[in-house]
Amino acid sequence: MFKIFSQTDNRTISASSDDTVLEALRKAGIDQIHACGGDARCTTCRIYIIEGLSNCRPRNEKETVLALKMGFPENIRLGCQTRISGDITIRRPVVDELDMEIILRQFDNLPGTRLGQEKDLAILFADIENYTPFAEAFPAYDVVHVLNRYYQTMNEIIVQHNGVISDVAGDGILALFGLMEESENPVSDAVYTVRKMNRALTRFNDYLTKMYDWSFAIRSGINFGKVIVGNFDTGTMHKISAIGDAVNLASRIESANKDFGTRLLISQSAMEKIEGLIKPEEFHRTRLKGKSGEHLLYEIEIQRHPD
């Protein structure tokens, strides 16, 4: 008999080589959730292997299929399929009905975001210049209508270039590049997105001028770095989101356009990803709000190379 220590329950239980981890837990009176009945058709019985991964037998065909679909790392296993050949330490992330509901929703979301993962992504912030006076000058209905028209126009472009809108707030768009398998160079995807957004804005401004005698401009900032990305779910609303200093830095880079009178600035880490592919117009050394030290930012021309 082998030992399984569950950190979640602060208990050590016994398991034979024939028992799955799920079977061993349930024999010990630990009510491990398994919505599909233990047939590898859901992930509610998932366990984290904290210690002893080498004592877990390799994934069988059923588990392999689901693990690939969900993007599981090696240390996340299905309790219903995992058998052991030595002692292990585990943690159970799904312990009640709320956990189960959250996990089941993850099947419907973008691959690579179902679980919290660390990824290297290009992060794009794009804000509308001249938006606040517009919002103050026109009725709420018109403001919302124009923003919805703007978001829909820009979302189509972002999707065309393998991006995903993570958030919108007022006049701002946060988009992530590098989640899609088709994205060979997330930073160039983001730059080409900004260029096409600005070309689309010319047509959008024709509409604004005709309807409201107004026009917008876009300021954009791009950073490249490691973030935690996943699907965040409140029950009534869920979205793909990224967390980390790289996201905050992208926001600060976008704001720096105001200081230099520029339209698109990117970080040094982003520039390194497109060196030889996209040439910067100029560079600026500056301090960014809330960030220590000087940062080297590169100005990218927004009108070149139609795509």
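Under our numbering, the first residue of the sequence shown carries the number 136, and numbering increases by one thereafter. Using N, Cα and C, we set each Cβ at its ideal position, and we do this for glycine too.
Roughly how many angstroms lie between the CA atoms of Ala106 and Thr143, to the nearest whole one? Lying before the first or after the last residue shown, residue 106 is absent from the chain, which here runs from 136 to 442.
Specify whether the segment 414-427 and the segment 391-405 touch according to this definition: at least 3 beta carbon pairs, one from each stretch, less than 8 Å apart. Contact holds: three or more Cβ-Cβ distances are below 8 Å.
Quick check: does the Cβ of Gly360 come within less than 8 Å of any heavy atom belonging to the ligand COA? Of the ligands one can find in the structure shown there are none, so the ligand COA has no counterpart to examine.
Glu436 in three-state terms, based on DSSP: Residue state, collapsed to three classes: coil.
Using a Cβ-Cβ cut-off of 7 Å (strictly less than) and excluding sequence neighbours within five positions of Ala202, which residues of its own chain qualify? Hits under 7 Å: Arg194.
Name the DSSP beta bridge partners of Gly298, please? Looking at the DSSP assignment, Gly298 forms a beta bridge with Phe312.
Beta-carbon proximity check, Gly214 vs Ile182, cutoff 9 Å: Their beta carbons are under 9 Å apart, which means Gly214 touches Ile182 by this criterion.
Roughly how many whole angstroms lie between the Cα atoms of Tyr342 and His296? For the pair Tyr342 and His296, the Cα-to-Cα distance works out to about 24 Å.
Residues sharing a beta bridge with His419, DSSP: BP columns for His419 point to Leu432.
State buried or exposed for Met406, treating a residue as buried only when at least 16 other CB atoms are found within 10 Å of its CB. Counting Cβ neighbours within 10 Å, Met406 comes out buried, since at least 16 surround it.
By how many angstroms is the C-alpha of Ile292 removed from the C-alpha of Lys331? When rounded, the separation of the alpha-carbon atoms in Lys331 and Ile292 is 7 Å.
Answer yes or no: do Phe269 and Val279 have a C-beta to C-beta separation smaller than 9 Å? Not in contact: Phe269 and Val279 (Cβ atoms no closer than 9 Å).
Quick one: Cα of Asp255 to Cα of Glu198, how far? Straight across, the Cα-Cα distance linking Asp255 with Glu198 is about 27 Å.
Quick check on the burial criterion: 16 or more other C-beta atoms within 10 angstroms. Buried or exposed for Pro441? Note that Pro441 scores a pLDDT of 48, beneath 50, so its modelled location is shaky; the value from the coordinates is reported in the next line. With fewer than 16 other Cβ atoms within 10 Å, it is exposed.
I need the boundaries of the alpha helix (DSSP H) containing Phe140, first residue and last residue. Not the alpha helix (DSSP H): Phe140 falls in the beta strand (DSSP E), residues Phe137 to Ser141.
In chain order, what residues of the same chain lie with their CB nearer than 6 Å to the CB of Cys177, ignoring the 5 residues before and after it? Same-chain partners within the cutoff: Ala170 and Cys171.
Jot down the residue ranges of each uninterrupted beta strand (DSSP E) in the segment 158-205, minimum 3 residues, whole runs only, in chain order. As summarised for the segment 158-205, the continuous beta strand (DSSP E) elements at least 3 residues long and confined to that stretch are 181-186, given in chain order.
Where does Met346 land, buried or exposed, given buried means 16+ other C-beta within 10 angstroms? Met346 should be labelled exposed.
Going by C-alpha distance, which of Ser350, Glu209 and Cys180 is nearest Arg227? Minimum Cα distance to Arg227 is reached at Cys180.
If you draw a straight line from the alpha carbon of Gly428 to that of Glu319, how long is it in whole angstroms? In a straight line, the C-alpha of Gly428 is about 31 Å away from that of Glu319.
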